[in-house]
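To start, the structure under review is shown below, and the notes come after it.
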Amino acid sequence: MSEIRFDIGSLHAAYASGMSVATVVETVFQRIAEADDPGIFIHLASKAEMLPEAEALGGFDPVAKPLWGVPFAVKDNIDVAGMPTTAGCAEYAYLPTKDATVVAHLRAAGALVVGKTNLDQFATGLVGVRTPYPIPKNAIDPKLVPGGSSCGSAVVTARGIVSFALGTDTAGSGRIPAGLNNIVGLKPTVGALSTAGVVPACRTLDCVSVFALTVDDAYSVFRAAAAKDDADPYSRVIAAPSLGPRPPVLSVGVPAKTDRQFFGDAAMQAGFETALRTLEQLGCRLVEIPFGDFYATANLLYEGAWVAERYAAIADFMEANEAAMHPVTRTIIGGARKLSAADAFKGFYALQAYKAGLAPVIASVDLFCVPTAPTHYSLAAVLADPIVTNSRLGTYTNFVNLLDMCGIAVPTGKRDDGLPMSVTLLAAAGKDALTAALGSELHAASGLGLGATGWPMPASSAKTPDFDDGMIELVVVGAHLSGMPLNGQLCALGGRMSRIAKTVASYQLYALAGQSVPKPGLVRVADGNGAAIDVEVWRLSADAFGRFVAAIPPPLGIGTIELDDGTSAKGFLVETAGLSQAIDISAYGGASSQKPAEIDWEPLRPVERSAFAPQRQRDLKS
9 MSEIRFDIGS LHAAYASGMS VATVVETVFQ RIAEADDPGI FIHLASKAEM LPEAEALGGF
69 DPVAKPLWGV PFAVKDNIDV AGMPTTAGCA EYAYLPTKDA TVVAHLRAAG ALVVGKTNLD
129 QFATGLVGVR TPYPIPKNAI DPKLVPGGSS CGSAVVTARG IVSFALGTDT AGSGRIPAGL
189 NNIVGLKPTV GALSTAGVVP ACRTLDCVSV FALTVDDAYS VFRAAAAKDD ADPYSRVIAA
249 PSLGPRPPVL SVGVPAKTDR QFFGDAAMQA GFETALRTLE QLGCRLVEIP FGDFYATANL
309 LYEGAWVAER YAAIADFMEA NEAAMHPVTR TIIGGARKLS AADAFKGFYA LQAYKAGLAP
369 VIASVDLFCV PTAPTHYSLA AVLADPIVTN SRLGTYTNFV NLLDMCGIAV PTGKRDDGLP
429 MSVTLLAAAG KDALTAALGS ELHAASGLGL GATGWPMPAS SAKTPDFDDG MIELVVVGAH
489 LSGMPLNGQL CALGGRMSRI AKTVASYQLY ALAGQSVPKP GLVRVADGNG AAIDVEVWRL
549 SADAFGRFVA AIPPPLGIGT IELDDGTSAK GFLVETAGLS QAIDISAYGG ASSQKPAEID
609 WEPLRPVERS AFAPQRQRDL KS
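Its first residue numbered 9, the sequence shown is counted upward by one per residue in this note's numbering.
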């Protein structure tokens, strides 16, 4: 394989050093030939088509065009102007005259379309074998299924033929193939990326997904494409901020041990437990969550309402061309003919009940970690039992869009048998940046190479948030720090972690008396007569900042806090009248492992700031 790396950072560094975009186009076609896999593409652009588009980009400018000269592939249920859309069924094919909205955004950002990739027909399946075309070869082990429905997009990314590829994800099609091919699969909040120009599977649940070699690349593509689109009635405004530092302490929900399902796959179980230990080492606090209702929600996806929705998407075509459909796809979607409107409403009622019951569970933690897939299946196993194997692959994916969650599948290592191990980080709608920030650290900790390329993980770059976002900085201490009892108030208002800091040495920190939740209070004293106190700086929209300040109880208030990096921001101060019976805890600086006997220190104690050592994390949980 050519030496040119296609992760976006490396590719742009090569462009900056003088490499031509024509060289990249040539490399793409060289790698296609080397892969020798006729199942990847259904339609392929020609060099003659790509080169003029590449030349039209002009001089290298990654600021104006953040995806300048980056090759990508598109799942063949997403329109690309001038390329046929088949949805995995030749008889369904049509020739679109304009790009799907998401493709148009990416082209405007400088990315170059290589071709249209294979899929489980009509995006119905998680295995990648329900296609009338050749089955793409799993990039890691050709005996395994490639994963579906976005099989071609995952394989082409894992092989380094393109930098990224678009898939779709209704039931897990943007995550399962990523997990099986050792790459990243970003499934955004439904509505964040427009589905205008996408052949629907379940219009109420569909979303466009992104496959990439790294989390940073996947998130960069997400940012370039995320926008409200009036052409898509399900589109909505979802924030896509730059990746900044995550909160140093995160509560991560994991399936309770008794609820974990691996269907006898001990290697997958061991790999998941290893990934959870890594999360603890990264400063996360694991919280076991009963998962029965999540599984019950997942079961709804192939019952009643949502099977009927798949039928509604292609009903006219199916009635006229049923014999042209893949037999498994035909069986699944055809089952809708037995359903009534009453069955659909029963499904809606059941889902609403589960959503209501699970909403406080989802809100109780910052995010979740689940296995991307509970087990691996061989081609032979899936072909022998296509329904049950497919259903099992969706154990940890089918409920996500139904519950309006976002997620990102991240490689975490190799199983004991050498096969790829992957977990998926999930969170409530709109928390795409949070899952990506933690996912980036988790992927880096794996030490894995990228996909099937053999390229090493690129060096981690510091996450610098975009401060040109109109948000207001807020300095917090004590109970509002990440991992502390009141931090959820910030998160509920859409607060974003900005940085860890210290005040100048001109503050005293008191444990206030008479508080239902123990709270400390900062008091400004003469310069140099106080202590440097550990704090966190968060960012809130103007509206959220106003609502937050309005809810602050006395004796706390908001003033200006000076930080030791030379900046200042609004933050918590305490009125001197509120110091009656308060205990001066300034000497602890907010980060001591010691605790005075006079107060219940544990709810107040911030995290060790220098490193998330395992012993320190055990102390925090004790």
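Built from N, CA and C at the ideal position, the CB exists for glycine as well.
May I ask you to report which of helix, strand or coil DSSP gives residue i?
| i | result |
| --- | --- |
| Trp546 | strand |
| Gly455 | coil |
| His488 | helix |
| Tyr141 | coil |
| Ile184 | helix |
| Glu11 | coil |
| Leu450 | helix |
| Arg167 | coil |
| Gln289 | helix |
| Gly17 | helix |
| Met91 | strand |
| Lys265 | helix |
| Pro335 | helix |
| Leu571 | strand |
| Ser594 | helix |
| Arg318 | helix |
| Arg532 | strand |
| Ala460 | coil |
| Val512 | coil |
| Ser228 | helix |
Among the residues of its own chain, which have a CB less than 8 Å from the CB of residue i, if the five just before and after it don't count?
| i | result |
| --- | --- |
| Ser386 | Lys151, Leu152 and Val153 |
| Leu450 | Ala283, Thr286, Leu287, Leu290, Val418, Thr420, Val431 and Leu433 |
| Gly26 | none |
| Val262 | Leu284, Leu294, Val295, Glu296, Ile297, Phe376, Cys377 and Val378 |
Should residue i go down as buried or exposed, given a rule of 16 or more other Cβ atoms within 10 Å for buried?
| i | result |
| --- | --- |
| Thr212 | exposed |
| Asp84 | buried |
| Thr339 | exposed |
| Leu103 | exposed |
| Leu19 | buried |
| Ile560 | exposed |
| Thr132 | buried |
| Ser202 | buried |
| Ala371 | exposed |
| Tyr357 | exposed |
| Ile246 | buried |
| Pro144 | buried |
| Asp225 | buried |
| Pro604 | Low confidence applies here, because Pro604 scores a pLDDT of 39, under 50, leaving its location unreliable; read the following figure in that light. By the 10 Å Cβ count, Pro604 comes out exposed. |
| Thr337 | buried |
If I measure Cβ to Cβ from residue i and keep anything under 6 Å in the same chain, skipping five residues before and after, which residues do I get?
| i | result |
| --- | --- |
| Gly343 | Val315 |
| Ala101 | Pro92 and Thr94 |
| Asn409 | Val198 and Leu213 |
| Arg504 | Arg547 |
Mind checking if residue i is an interface residue toward chain D, Cβ cutoff 8 Å exclusive?
| i | result |
| --- | --- |
| Ala89 | The structure shown contains no chain D; it is built from a single protein chain. |
Taking a contact to mean a Cβ-Cβ separation below 8 Å, would you say residue i touches residue j in this structure?
| i | j | result |
| --- | --- | --- |
| Ala200 | Ala239 | no |
| Arg400 | Phe271 | yes |
| Glu37 | Ile322 | The identity of residue 37 in the sequence shown is Phe, whereas the question assumes Glu. No, Cβ-Cβ distance for Phe37 and Ile322 is not below 8 Å. |
| Ala444 | Leu308 | no |
| Glu570 | Thr511 | yes |
| Ser217 | Ser171 | no |
| Thr4 | Asp440 | Lying outside 9 to 630, the shown extent of the chain, residue 4 is not represented and no answer is given. |
| Ala540 | Ala513 | yes |
| Ala147 | Gly502 | no |
| Tyr242 | Leu194 | no |
| Ala81 | Thr125 | yes |
| Ile593 | Ala519 | yes |
| Asp273 | Pro382 | yes |
| Ala30 | Leu59 | yes |
| Val111 | Ser490 | no |
| Val543 | Ala509 | yes |
| Asn189 | Ala162 | yes |
Identify, in the order they occur along the chain, each residue of the same chain with its Cβ nearer than 7 Å to the Cβ of residue i, setting aside the five sequence neighbours on each side.
| i | result |
| --- | --- |
| Ala332 | Cys97 and Glu99 |
| Ala179 | Leu134, Leu309, Gly402, Thr405 and Asn406 |
| Pro464 | Gly457 |
| Tyr515 | Leu530, Val531, Arg532, Val533, Gly538, Ala539 and Ile541 |
| Ala232 | Pro74, Leu75, His113, Leu114 and Ala117 |
| Gly300 | Asp267 |
| Ala452 | Met465 and Ser468 |
| Gly312 | Leu347, Asp351, Ala352, Lys354 and Gly355 |
Restricting to runs no shorter than 3 residues, where is the beta strand (DSSP E) found entirely within the stretch 337 to 423? 375 to 379 and 413 to 422
Within the stretch 24 to 97, ranges of the alpha helix (DSSP H) (whole runs, at least 4 residues): Listed in chain order, the complete alpha helix (DSSP H) runs (minimum 4 residues) inside the stretch 24 to 97 are 29 to 43 and 55 to 63.
Jot down the residue ranges of each uninterrupted alpha helix (DSSP H) in the stretch 182 to 225, minimum 4 residues, whole runs only, in chain order. 184 to 188
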